[in-house]
Each structure stands twice: as C-alpha cells, then as structure tokens.
Amino acid sequence: MEDKYALFLDFDGTLVDIVERPDAVSVDPALPEILLHLQERLGGALAIVSGRPVAFLDHHFEPHRFDMAGLHGLEQRIAGNLHLCDPQEHPQLRRMVERLQKVVAERPGILIEDKGCSVAIHWRLAPQEKEFALSTAHAAVEALGSEYRLQHGKAVAEILPSAAGKGKVIERFLHSAPYRGRRPIFVGDDLTDENGFKTVNAFGGVSVRIGAGETIAKIRLGTPADLRHCLSGWASDGLLPFNVDDR
Ligand SMILES: [Mg+2]
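Spelled out as structure tokens, the structure:
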C-alpha cells in the first residue's frame, strides 16, 4: 500500500521545535530511527526539504544520510546522489554577506545566518528590530538584482537565488526514482512551505501545515511533537497519518 506515497518533510518547526538561536536546534533522539523505518516502508521515497544546508541537516542526523533538499532546493540528495551548491558561484552574495555582518554588528539581537549560497537575517531574539531587519533585507536584495529574491519566514527573512523554491524541488524529486509515480505528502510550517503545498496539491497529494497561520494546505496539525507521534505510528504499525484517504 505504501509504495503509493512519497513523503517530504520540512525540518525547523515541523520535525523539530523552533528555537531562539537557529544553531541551537535539537533533534528528538527517537526521530532518526522513525525516519529510517519510514524510509524503508516507503521504498526510499522519503526526503527532508529545508532551508538549511544539507551539511547542517546531515550533521543533525549522523550517521544517517537521508535524501534531502537543502537551501530551499538549491542542494539535493536524490536516491543518495548528492548535488551541493558552491558559494564561489555567488560572489555578489558573498560580498553582501560581509556587508550585512557589518551593518548588524551594532544590533546584538539580529543574527546573520550565512548558509554559503543564501543568507538569513533573524530577529527572533529582538522583535523590536523587525522593521530594521526587514528594511535591511529589502535593500540588500534590491542591490543584488533579479537573480536573488527575498523569502519571508517566522522572525526571519532570507536572501536566496531566485531559482530556489520548495515547490520546484519537490517536483524534481517526483520526476526521479524512487519518488516518480507516487502520491506526494508534504508537511511544513512556514511561508516557504506554501510553495511546496502548491506543487503537492497540483499533484493530487496531501499537504499538511503544522501550527497556526493562513495556508493552502489541506490538513493542519498542532505541533512538531504531534507530527512525530503520527510518523512513529506509521513507521512502527503502518498506520497512515493525518487521515490520509487511501485512494
Ligand atoms: Mg519550517
């Protein structure tokens, strides 16, 4: 039955709780085993789809190497074949990261997360800095031109190459084995995931949003812990999650 589904999972706010500092995230010790069992059940059609670099995600799932889309799809590991993004191909962005680090040096609540081929500006620690952080991000992306765009998120704005997007990369997976021909399920929690929901809905799949907020997802779940509970039941007992209709 489960050879019908391909499972795509966002990371922050979906598999793990969002934390104040993006580098302080922690993975529930039971999660890697759950994902391994599910991966097996799904004939390998399981991937993590995140704005984080693949190297960061791999580090948190050591020693496992799950299929992944990192940096909103700029990086991929499909059926074990890895394609990474080279920061040297983004010299303008690299210069901009240096400038941004100088601009926020006097603003301790704002964090610059340098991901190599993209850069995120976080203000979760200093909500009063939201306006300053957003206008800085807008000015930076304007200076970079049309090859880059701004991706809004929860207390974060990210500058990334225009080609990146979760919807596009999920579609790429769905054209590759072992994902091809399967019904996609995508679980996410943030604005960047809405783009993925759009693709999954277009493929007749199942879109699941974690937490509050306007969404085009068909199903809503409360928290990352709720999701882990659903995934655990699916992994161990074959219980299809989210009342997925077995078409
Ligand atoms: Mg997320």
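Heads up, the sequence shown stops at 286 in our numbering, and the numbers go up one at a time, no gaps.
Even glycine gets a Cβ: it sits at the ideal position worked out from N, Cα and C.
Assuming glutamate 152 and proline 61 make a contact with CB atoms under 8 Å, what is their CB distance in whole Å? As a position in the sequence shown, residue 152 is number 113, starting the count at 1. As a position in the sequence shown, residue 61 is number 22, starting the count at 1. Going by Cβ atoms, the distance from glutamate 152 to proline 61 rounds to 5 Å, so yes, they are a contact pair.
Are leucine 123 and phenylalanine 105 close, meaning C-beta to C-beta below 8 Å? Indexing the sequence shown from 1 puts residue 123 at position 84. Indexing the sequence shown from 1 puts residue 105 at position 66. In this structure, phenylalanine 105 does not lie closer than 8 Å to leucine 123 by Cβ.
Roughly how far, in whole angstroms, is the beta-carbon of arginine 188 from the beta-carbon of leucine 173, given that I think they are within contact range, below 8 Å? For the purposes of this step, residue 188 is identified with residue 149 of the sequence shown, where counting begins at 1. For the purposes of this step, residue 173 is identified with residue 134 of the sequence shown, where counting begins at 1. Going by Cβ atoms, the distance from arginine 188 to leucine 173 rounds to 14 Å, so no, they are not a contact pair.
Counting only the same chain and skipping the five closest in sequence on each side, list residues whose C-beta sits under 7 Å from that of leucine 230. On the sequence shown, residue 230 is found 191 positions in, with the first residue counted as 1. His191 and Gly192.
Determine the contact status of valine 239 and isoleucine 209, defining contact as a CB-CB distance below 8 Å. Counting from 1 along the sequence shown, the entry for residue 239 is found at position 200. Counting from 1 along the sequence shown, the entry for residue 209 is found at position 170. Contact: yes.
Residue span of the beta strand (DSSP E) that contains leucine 121, given as start and end: Residue 121 sits at position 82 when you count from the first residue of the sequence shown. Per DSSP, leucine 121 belongs to the beta strand (DSSP E) from 120 to 122.
First and last residue of the alpha helix (DSSP H) that includes arginine 211? By one-based count along the sequence shown, residue 211 stands at place 172. Where arginine 211 is concerned, the enclosing alpha helix (DSSP H) stretches over 205 to 213.
Should histidine 111 go down as buried or exposed, given a rule of 16 or more other Cβ atoms within 10 Å for buried? Numbered from its first residue, the sequence shown carries residue 111 at position 72. Result: buried.
Using only alpha-carbon positions, find the residue among Ala165, Ala203 and Asp51 that is nearest to serine 65. Counting from one through the sequence shown, the residue named residue 65 turns up at place 26. If we check each option's Cα against that of serine 65, Asp51 comes out closest.
May I ask whether a heavy atom of ligand 1 can be found less than 7 Å away from the beta carbon of threonine 262? Residue numbering aside, residue 262 sits at position 223 when the sequence shown is read from its first letter. No, the beta carbon of threonine 262 sits no closer than 7 Å to any heavy atom of ligand 1.
Would methionine 107 and leucine 183 be called neighbours here (beta carbons separated by less than 8 Å)? The residue given as residue 107 occupies position 68 in the sequence shown. The residue given as residue 183 occupies position 144 in the sequence shown. For the pair methionine 107 and leucine 183, the CB atoms are not nearer than the 8 Å cut-off.
Determine the DSSP secondary structure at histidine 191, reduced to helix, strand or coil. One-based indexing of the sequence shown puts residue 191 at position 152. Correct three-state label for histidine 191: strand.
Ligand 1 heavy atoms versus the CB of glycine 252: any closer than 7 Å? Working through the sequence shown from its first residue, we reach residue 252 at position 213. Glycine 252: no, Cβ never under 7 Å from ligand 1.
Here's the rule I'm using: 16 or more other beta-carbon atoms within 10 Å means buried, otherwise exposed. How should arginine 219 be labelled? Translated into the one-based positions of the sequence shown, residue 219 becomes position 180. Per the 10 Å Cβ criterion, exposed.
My output table needs one value for aspartate 67: the three-state DSSP class, helix, strand or coil. Along the sequence shown, read from residue 1 onward, the residue named residue 67 stands at position 28. Residue state, collapsed to three classes: coil.
For aspartate 232, count neighbouring Cβ atoms within 10 angstroms of its own Cβ and tell me buried if that reaches 16, exposed if not. Sequence index remark: in the sequence shown, residue 232 carries index 193 (1-based). Per the 10 Å Cβ criterion, buried.
What separation, rounded to the nearest whole angstrom, lies between the Cα atoms of alanine 197 and serine 246? Position 158 of the sequence shown holds residue 197. Position 207 of the sequence shown holds residue 246. Here the sequence assigns glutamate to residue 197, which means alanine is not the residue at that position. For glutamate 197 and serine 246, the distance between alpha carbons rounds to 23 Å.
Exposure of arginine 138, with buried meaning 16 or more beta-carbon neighbours within 10 Å: The residue given as residue 138 occupies position 99 in the sequence shown. Exposed, by the Cβ-count rule.
If I follow the unbroken beta strand (DSSP E) through glycine 272, where does it start and stop? Against the sequence shown, residue 272 aligns to sequence position 233. Premise fails: glycine 272 lies in the alpha helix (DSSP H), 263 to 276, not in any beta strand (DSSP E).
Within a Cβ cutoff of 8 Å, which residues of the same chain sit near leucine 113, ignoring the five residues on either side of it in sequence? Position 74 of the sequence shown holds residue 113. If we look at leucine 113 and ignore the five residues flanking it on each side, its Cβ neighbours are Cys124, Cys156, Ser157, Leu199, Pro200, Ala202 and Ala203.
Alpha helix (DSSP H) segment containing glutamate 137, residue limits: For this step, residue 137 is matched to residue 98 along the sequence shown. 130 to 142 is the span of the alpha helix (DSSP H), which, as asked, contains glutamate 137.
Between which residues of its own chain and glutamine 115 is the CB-CB distance below 6 Å, once the five residues before and five after are set aside? Taking the first residue of the sequence shown as 1, we reach residue 115 at position 76. Within the same chain, glutamine 115 has close Cβ partners Ala108 and His122.
Just to confirm the assignment, what range does the alpha helix (DSSP H) spanning glycine 235 have? Residue 235 sits at position 196 when you count from the first residue of the sequence shown. Note, glycine 235: alpha helix (DSSP H), 230 to 241.
Starting from serine 246, trace the beta strand (DSSP E) both ways and give me its first and last residue. Position 207 of the sequence shown, counting from 1, holds the residue named residue 246. It spans 245 to 249 - the beta strand (DSSP E) in which serine 246 sits, taken as one unbroken run.
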